[in-house]
Amino acid sequence: MKQSTSVLFVCLGNICRSPTAEAVFRHKAELAGLDIQIDSAGTHGYHIGKQPDNRSQSAGIERGYSFKGLKCRRVDESDFTKFDYILAMDRSNLENLRGMAPVQTHEKIKLFLDFADTEDEEVPDPYYGGKRGFELVLDLIELASDGLIAHINKQQ
Ligand code: 4NP
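As structure tokens, then:
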């Protein structure tokens, strides 16, 4: 039997965008009846052990997503072998990941928005901005999650 697909979402701090992606994608994958291992991590360790940013949680909870149990961690070397898809929120995250990852794992590292039906390529960092930034993060992540689910459904 094929083992379930696994997806790691990555941003800089692992407190805004990638935990939001984890919460949204987990919700949508469950609704789609897909067995997917889902996690998130940051390329940097500014907030290790902390829960997702309150602004991300409020915006996500309003749309029905759960952030229960999520805790910030940093990407580590075993992630590059463990996960089938390693999805970066922006180009800087992508470059950082490619710099850390063994070359033979580079093809699984992609921009998350490669799966979204939009011209946007990056999920912008909302950390230093206002509420609208957090809503945009959710809009883009919802689109990309739908696209990734359709893609994985085709593969399975
Ligand atoms: P994230 O946002 O990468 O979406 O989690 C950030 C969180 C923290 C910082 C920057 C971005 N920071 O500089 O502490």
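The opening position of the sequence shown corresponds to residue 396 in the numbering used here, with each subsequent residue numbered one higher.
For glycine and all other residues, C-beta sits at the position ideal for the given N, C-alpha and C.
Predicted model only: the values in this text are computed from it and were never measured.
For the beta strand (DSSP E) that contains residue i, what are its first and last residues?
i    : result
K445 : Per DSSP, K445 belongs to no beta strand (DSSP E) and is neither H nor E.
F477 : It should be noted that the sequence gives Lys, not Phe, for residue 477. Careful: K477 lies outside any beta strand (DSSP E), inside the alpha helix (DSSP H) at 474 to 477.
G428 : Counting along the chain, G428 falls outside any beta strand (DSSP E), and DSSP gives it neither H nor E.
S401 : 400 to 406
Which residue marks the beginning of the alpha helix (DSSP H) containing residue i, and which one marks its end?
i    : result
K526 : 526 to 550
Using a 10 Å radius around the Cβ and a threshold of 16 neighbouring Cβ atoms, would you call residue i buried or exposed?
i    : result
T415 : buried
H501 : exposed
L403 : buried
Following a CB-centred definition, is residue i positioned closer than 6 Å to any heavy atom of the ligand 4NP?
i    : result
I504 : no
G408 : yes
D520 : yes
Y460 : no
Check whether the Cβ of residue i lies closer than 7 Å to any Cβ atom in chain C.
i    : result
N409 : Among the chains of the structure shown, chain C does not appear; only one protein chain is present.
For the candidate residues the options, whose alpha-carbon lies nearest to that of residue i?
i    : options          : result
L538 : G437, V518, Y523 : V518
R412 : T400, S401, D434 : D434
Q. Okay, do the stretch 416 to 429 and the stretch 490 to 502 touch, 3+ Cβ pairs below 8 Å being the bar?
A. In short, these stretches do not touch, since the Cβ pair count stays below three.
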